[in-house]
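Visitor:
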Amino acid sequence: MAIPDPQSIKWPADRAILLVHGVGNAKPGDYDPLIAQLAQILAGQQQKYAIYMYYYDYMNEWFSQKLQAPLAATKLVNALHAKLDATSLGNTIASFVGDVIWPVMSLDARDAIRTGLLRQLRQVLLDASAAGVPMPQRKISIICHSLGCFHVFEALHTAASDPAQQLGPSQGLTLENVIFMASPVQLIRSVAGAIRAAVPNADALACLAPTLAMPASDDGFGATLPSTRRTVSITGNLDPVGGYVFRAKQDWAYMNLPGQVSAIDQEEPFDMRESDLQSILQQALQTGAPPKITPQNPHDWSAYVARHANDLKQWLP
Amino acid sequence: MIARFRSATLAVVASIAVARIAPAQTTAASAPSPPSSKITVDSVLRALHAGAAAVSFASVDAARSRVLDSLAVAFRESRAGDLTIRDFAAAATATPGYFTIFRWDRDRVERVTQPALAGALLRLQQVFAPPNGLSRRINDAMPASYALYAGAMEALNTQAIAAVQQSSTEKLRRYEVKFGEASPRLNPVETLLNYGLERVPWLPFAPNASGPSPLEFVANYATGDITPDGKFNESPVHLVSSDNVGLRFYNFGDTTRAGNPIARLLHPPFWAAGVSSFAAVDAPLRSPFGAGRRWGAFINWGSLKVAGTFGHDWRAIVGTGAQLIPHLF
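Line by line, the protein sequences are chains L and A.
In this text, residue positions in the first sequence follow our numbering: the first is 1496, and each later residue adds one.
In this text, residue positions in the second sequence follow our numbering: the first is 138, and each later residue adds one.
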């Protein structure tokens, strides 16, 4: 099997968004509904966006199979699935634990996934160039979710600190927005920090740096250029991956970067209107069956996007 | 606006290229080629200098202006100015291959392959890049003339990105060779040993800028190898048990094996070699460490394994990596 090419899109105008997904067995196309949802939200904007999605789960699969993860990580994940399968959130947490092992504990997995992400980001720039968009007019944003936030955070630090990547702010790439949704960066920082001695090349992980901050680089003439003009962190008050457990913020797990725009969504485990509830109860009375109420997944990416549709319109003009 | 910029860029870089084609390049002028194959570093600098003059760059940003001047001198002195931007980008972003170097003037090779070129490219990008560099000044002051002054530099920037992109794809291909679905699986002992070896700084097991290390430590218990009986009275072959310790070397350089089983046999993605200890009797799932064990060696040619025991009770053994109990050893 050949390495998948990075996604290439013909830019319709001067702006683009790169979406980076989180945990799960995502194959190309799986996030098409989310792309459609975002495109619909931004349909009324002055300029159209090229919307990219970076898929990388095939690499998680390489390492999982190579290291015969059924013997370790997958057993752990399956055990968690069994304990937590009452809600789809349980599945999310279980998958999260499995997927986070590779980039933290394996130098090869860390490098491969980061290389793939930077390669996709470079393709965005190559597409901009092919479309003839001058560098000062390009507007590129990243929206990431869950573990994708960790990959973006680490990759942008690499891009800013290593000119060989050709993606540093001083080389012309300053992102308009980096929008983190349910970011586990602080959570990983806490957990990996606690087992730092076991983490290979821990000093190279930006999330374990003395200060947790978005990357920036010297422009070569004394000014500091940030990687992004705006950093947004959104999480829900029922989303443990984003640092909240039962509406309580956990400082060891909630990502709080200097200068970030923060939003905490007030989530409901059963997010429904009174009329919906009435309808469910009436149906239960008619059929004699217990009312079927499905809990909302507070980690759901699509729900984050839907709740922040107006914000996205403002941040992505 | 964007389409206009694009067509203007092509026109400008083509005109610059026509004006600056080196004599050696004119012989190939009849073959159509993209403009970036003809734009030289000198033409990039001249266009930037013209743009800088048009926006009075020296007075609004003296520091960058001075660096732009000094870069022009540096490129001239290193005789890198007449490199095409494609060759310059290749030299500045990665170690160029032998064939790339052979295409250049021999007397220039030593100078243009020096690491300083990467620094020069970065400095040029810092002078040019938005939000503080010359590109923004030109774009703000004269957007209609942006391509005229900045088009060649943008083409150089794109070439640099494309060169790194190629390296990244190669790096991921190497990861696929070592970790992809066709690669040998590691047992828990090998996983731990390789994890530990990657952490020893002076050992070549950790990944580097080119990708994964080609080396992998092998420490497995083979249960599915076979040896001829020799007497042929009951069964022509016996399963044997062995412990194998050695090194596996991944052949990242060979890209001919894609898919075809014969090609994979002729050009295996990995080799391995090391020492083996065999159980005292030719039988499966026996301890190779018990009394009467026999010593030997093994060689892997891809997934094909050939091994032998030494001494008077010698055996020739073949295997394919198949295990009686998968995922354990």
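Here a beta-carbon is modelled for each residue, glycine too, at the ideal position from N, C-alpha and C.
These figures come from a predicted structure and were not determined experimentally.
Is the shortest distance between the beta-carbon of A/S193 and the beta-carbons of chain L less than 8 Å?
Guide: no
Visitor: Are the beta-carbon atoms belonging to L/P1695 and L/L1733 less than 8 Å from one another?
Guide: no
Visitor: Run through the segment 420-455 of chain A for me and flag every whole beta strand (DSSP E) of 3 or more residues, listed as ranges in chain order.
Guide: 431-438 and 441-446
Visitor: Suppose you measure from the CA of A/I298 to the CA of L/G1519; what does that come to, to the nearest Å?
Guide: 31 Å
Visitor: Please state whether DSSP places A/P325 in a helix, a strand or coil.
Guide: helix
Visitor: From this set, A/P341, A/K315, A/P321 and A/Q460, which residue's C-alpha is nearest A/A359's C-alpha?
Guide: A/Q460
Visitor: Decide if L/Q1632 is buried, meaning its Cβ has at least 16 other Cβ atoms within 10 Å, or exposed.
Guide: Classification for L/Q1632: buried.
Visitor: Check whether the segment 1646-1666 of chain L touches the segment 1702-1714 of chain L, taking contact to mean three or more Cβ pairs, one atom from each stretch, closer than 8 Å.
Guide: yes
Visitor: Name, in chain order, the residues that DSSP records as bridge partners for A/N397.
Guide: None; A/N397 has no bridge partner.
Visitor: Does any residue of chain L bring its CB to less than 8 Å from the CB of A/T306?
Guide: yes
Visitor: Given this structure, state the Cα-to-Cα distance separating A/R423 from L/I1504, to the nearest angstrom.
Guide: 58 Å
Visitor: List, in chain order, every chain A residue whose beta-carbon is nearer than 8 Å to that of L/Q1666.
Guide: L259, Q262, Q263, A266 and N294
Visitor: Starting from A/S207, find everything on chain L with Cβ-Cβ shorter than 9 Å and list it in chain order.
Guide: Result: empty, since nearest Cβ-Cβ is about 13 Å, beyond 9 Å.
Visitor: Could you name the residues of chain L that A/R201 contacts, counting a contact when the two beta carbons are closer than 9 Å?
Guide: G1715 and F1716
Visitor: Any beta carbon from chain L within less than 8 Å of A/I467's own beta carbon?
Guide: Only positions 138 to 466 of chain A appear in this structure, which leaves residue 467 of chain A out of reach.
Visitor: Would L/L1513 be called buried (16 or more neighbouring beta carbons within 10 Å of its own) or exposed?
Guide: buried
Visitor: In three-state terms, what does DSSP make of L/W1796?
Guide: L/W1796 falls in the helix class under three-state DSSP.
Visitor: Can you tell which of A/L309, A/A217, A/A281 and A/A229 has the C-alpha that lies nearest to the C-alpha of A/A191?
Guide: A/A281
Visitor: At the level of alpha carbons, what is the spacing between A/L271 and L/R1691?
Guide: 44 Å
Visitor: Which same chain residues end up closer than 8 Å to L/S1665 when comparing Cβ atoms and leaving out the 5 residues on each side of it in sequence?
Guide: P1658, S1712, D1713, D1714, G1715 and L1720
Visitor: Give me the chain L residues within the contact set of A/F316, using Cβ-Cβ distance strictly less than 7 Å, ordered along the chain.
Guide: W1557, F1558, K1561 and D1603
Visitor: For A/L220, name the three-state secondary structure that DSSP assigns.
Guide: Here A/L220 carries a coil assignment [DSSP, helix/strand/coil].
Visitor: Mind listing the chain A neighbours of L/I1512? Cutoff is C-beta to C-beta under 9 Å, in chain order.
Guide: By Cβ distance, chain A contributes nothing, its closest Cβ being about 18 Å from L/I1512, past 9 Å.
Visitor: Shorter than 8 Å from the beta carbon of L/G1688 to some beta carbon of chain A?
Guide: By this cut-off, L/G1688 is not an interface position.
Visitor: Measuring only between beta-carbons, confirm whether L/P1598 sits less than 8 Å from chain A.
Guide: no
Visitor: So, helix, strand or coil for A/L210, using DSSP?
Guide: One point to set straight first is that residue 210 of chain A is Val, not Leu, in the sequence displayed. Helix at A/V210.
Visitor: Since A/A359 sits in a beta bridge, which residues does DSSP pair it with?
Guide: A/S379
Visitor: Under a three-way DSSP split, which group does A/A161 fall into?
Guide: Low local confidence applies: a pLDDT of 31 at A/A161 is under 50, so the model's placement there is unreliable, and no value is given.
Visitor: Spatial neighbours of A/L261 within its chain, please: CB distance less than 7 Å, with the 5 preceding and 5 following residues excluded, ordered by chain position.
Guide: L208
Visitor: Going by other Cβ atoms of all chains shown within 10 Å of its Cβ, with 16 needed for buried, is L/H1516 buried or exposed?
Guide: buried
Visitor: Could you give the residue range of the alpha helix (DSSP H) that holds L/W1557?
Guide: D1552 to K1561
Visitor: Taking the alpha-carbon positions, what's the L/L1811 to L/T1726 distance?
Guide: Roughly 13 Å between the two C-alpha positions.
Visitor: Count the other CB atoms within 10 Å of the CB of A/N345; is the residue buried (16 or more) or exposed (fewer)?
Guide: exposed
Visitor: Taking 8 Å as the threshold (beta carbon to beta carbon), is L/A1650 in contact with chain A?
Guide: no
Visitor: For the candidate residues L/D1527, L/Y1544 and L/F1558, whose alpha-carbon lies nearest to that of L/L1602?
Guide: L/F1558
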